[in-house]
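Using the numbering used here, read the sequence shown as starting at 82 and increasing by one per residue.
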Amino acid sequence: MTGKRRRKRTRIRVLIGILIMLSIVVGHFAGRVAYEYNHSLSLLNRESGVDLSDVDVNETNLVSENKIINILLVGADKRKAWKEAGRSDSVMIATMDLKHKQLKLTSLMRDMYVKIPGHGENRFNAAYSFGGVSLLYQTIAENFGIKLDGYVVVDFAAFKEVINTIGGVEIELTDAEYQYLVKAYANKDDSAKYVKPGLNLMNGNQALAYTRIRQDAKADFGRTQRQRNVLQSIFTKVKGMSIGELKDLMNKILPSIVTDLTNDEITSYLLSVVMMGTTKFEQMRIPVDNSFQDAKIRGMAVLVLDFQKNQEALRNFIFEDANIDKNTEKSE
């Protein structure tokens, strides 16, 4: 019996020793990952940005819910021919719905005719050009009554870098889209023309050209759908990357990204997305069908909206049956 007890105690000691060694190894690995991750986040550009919490908006008129996070995404054209803020070539709201465990993506079309605080009525994308993220948020708040929890601005160079670093994105090209790309880039030494109808593995240059197509039957409506297609493809690819690959991606693109999100917020949001387990975005576009009219105002081709219909559609899509904080309904 004594020998059996000794052997049992020996096995227990060995097991404890193995567990201690595993704890040390895992702890070291986790610590190293945390260090590398925080180092990468330190590369984010926050000096040239603003904090949305400091933007002057009447929050009592804005809809929000503490389990639903709305992040403003801006794809900006910062070419020298434009003002310092650049143009907002694409504006979306990315939603993390922690209540329903869903990810959502809403495109806001740039030709909407809206009120821009301090600047009268104009196309929606003029807001970013006039006053950057602050005025863009004020414009969204004024016209759609949605509270935003942060923003991310990415320029086209960073957009292409993301796609090249992850090894390209898979995009299905229609024949009309293919014909446009070949024609538009026929006389240029540009990889965007080397595509085919059907499924393509696109590099950054090709994907950017694809997102900017608007000379088809769907015009800007098709363009916003293509932008969402590319973001969905990027998200699917990134979710399958290793820690080392993610670190390499972050180190390359984060210096080109402007945001007001803190490291803790980014970490929390990323963990929430991982825990959801979903790889699909629910998608929407504003204006919704049958809620606008095409018009020409001051020489501009614009979309004149039924704001009540679009506010309701946006709120229903983002918040669904959540217990939203809506102290005061948005006034027209």
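Note that CB positions come from ideal geometry on N, CA and C, so glycine has one too.
From this set, the options, which residue's C-alpha is nearest residue i's C-alpha?
i: R204; options: G325, K377, I399 and E363; result: K377
i: H200; options: Q219, D230 and A265; result: Q219
i: V383; options: A300, D135 and K264; result: A300
i: D192; options: L386, T348 and T255; result: L386
i: D370; options: A394, L330, L153 and N151; result: A394
i: A175; options: Q389, R309 and F237; result: R309
i: K148; options: V138, V155 and L184; result: L184
i: R293; options: S171, V155 and S145; result: S171
i: D137; options: I221, T255, S210 and Y275; result: I221
i: V235; options: K228, V214, E251 and L229; result: V214
i: K180; options: L154, I150 and A273; result: I150
Taking the straight line between their C-alpha atoms, what separation do you get for residue i and residue j?
i: R379; j: Y261; result: 29 Å
i: V354; j: L327; result: 15 Å
i: Y350; j: A207; result: 30 Å
i: V319; j: M173; result: 19 Å
i: H109; j: L352; result: Reliability of the predicted coordinates at H109 is poor, the pLDDT of 37 falling under 50, and no value is obtained from them.
i: D291; j: E140; result: Note that residue 291 corresponds to Tyr in the displayed sequence, not to Asp. When rounded, the distance between both Cα atoms is 37 Å.
i: K269; j: V263; result: 10 Å
i: I101; j: D345; result: Because I101 carries a pLDDT of 45, less than 50, the predicted location of this residue cannot be relied on, and no value is offered for it.
i: P368; j: Q306; result: 13 Å
i: Q374; j: E202; result: 16 Å
i: I152; j: I347; result: 11 Å
i: R366; j: S323; result: 32 Å
i: Y209; j: R295; result: 21 Å
i: Y275; j: L282; result: 11 Å
i: V195; j: N224; result: 7 Å
i: E251; j: A273; result: 14 Å
i: Y116; j: L154; result: Unreliable positioning characterises Y116 in this predicted model, as indicated by a pLDDT of 46, which lies under 50. A coordinate reading is not provided.
i: S255; j: E242; result: According to the sequence as given, residue 255 is Thr; it is not Ser. Near 25 Å, if we compare the C-alpha coordinates of E242 and T255.
i: T343; j: A257; result: 43 Å
i: Q389; j: N332; result: 43 Å
Beta carbon of residue i, beta carbon of residue j: below 8 Å?
i: S372; j: N397; result: no
i: L216; j: I197; result: yes
i: G249; j: N284; result: yes
i: L189; j: F362; result: no
i: T246; j: D329; result: yes
i: G231; j: L143; result: no
i: F237; j: L289; result: yes
Quick check on residue i: buried or exposed, where buried means 16 or more other Cβ atoms within 10 Å of its Cβ?
i: D178; result: buried
i: L280; result: exposed
i: G325; result: exposed
i: S314; result: buried
i: F400; result: buried
i: M356; result: exposed
i: E253; result: exposed
i: E146; result: buried
i: V228; result: Correcting the residue type first, residue 228 is Lys in the shown sequence and not Val. When all chains shown are included, K228 counts as buried.
i: M381; result: exposed
Since residue i and residue j should fall inside the 8 Å C-beta cutoff, what is the C-beta to C-beta distance between them, to a whole number of angstroms?
i: D132; j: D341; result: 5 Å
i: V233; j: I334; result: Going by Cβ atoms, the distance from V233 to I334 rounds to 11 Å, so no, they are not a contact pair.
i: K277; j: Y259; result: 7 Å
i: F316; j: T360; result: 7 Å
i: F240; j: G321; result: Not confirmed; about 20 Å, so no contact.
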